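Right, one structure below, let's go through it.
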Amino acid sequence: MINNIEIENGKNDVDENDIDESHNEKPHNEKPHNGSQITRIEVSPNEKYVVTYSKEDESIVGWNVVDEGQLKPEFLHKVK
């Protein structure tokens with residue numbers, strides 16, 4: 003069973019208790035989500051970013067898809 007995360011347009015509130023702050027940086031591992039399977043992919047409304055989620059790794063990785071060259075993760079957040 004996959005749990006969905008509902009997001010309201012225009013709402014910027016973040017529950018900081020759900021984010022592990024120690025991982026809010028660019029990942030050191032060359033494999034996003036530590037090689038775990040990607041569970042969900044979302045594209046930003048302006049189509050400049052893609053966000054991937056791994057239920058197994060409990061992480062969210064953001065990707066800038068506008069820059070030329072090979073895609074590299076922009077940020078990593080661990081969720082609890």
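Every number in the numbering used here is 2 more than the matching position in the sequence shown, counting from 1.
Where is the CB? At the ideal position from N, CA and C, for every residue including glycine.
Please read these numbers as outputs of a predicted model, since none were measured by experiment.
Distance, residue j Cα to residue i Cα
| i | j | result |
| --- | --- | --- |
| P29 | P75 | Caution is warranted here: a pLDDT of 48 is assigned to P29, below 50, making its placement in the model unreliable, and no coordinate value can be reported. |
| W65 | D59 | 17 angstroms |
| S56 | V45 | 15 angstroms |
| K33 | Y51 | 18 angstroms |
| D69 | N36 | 23 angstroms |
First through last residue of the beta strand (DSSP E) which encompasses residue i
| i | result |
| --- | --- |
| E44 | 42-45 |
| S56 | 51-56 |
Beta-ladder partner(s) of residue i, from DSSP
| i | result |
| --- | --- |
| H79 | I62 |
Cβ separation of residue i and residue j, assumed to be a contact under 8 angstroms, to the nearest whole Å
| i | j | result |
| --- | --- | --- |
| I40 | V53 | Actually they are not in contact, since the Cβ atoms of I40 and V53 sit about 10 angstroms apart, beyond 8 angstroms. |
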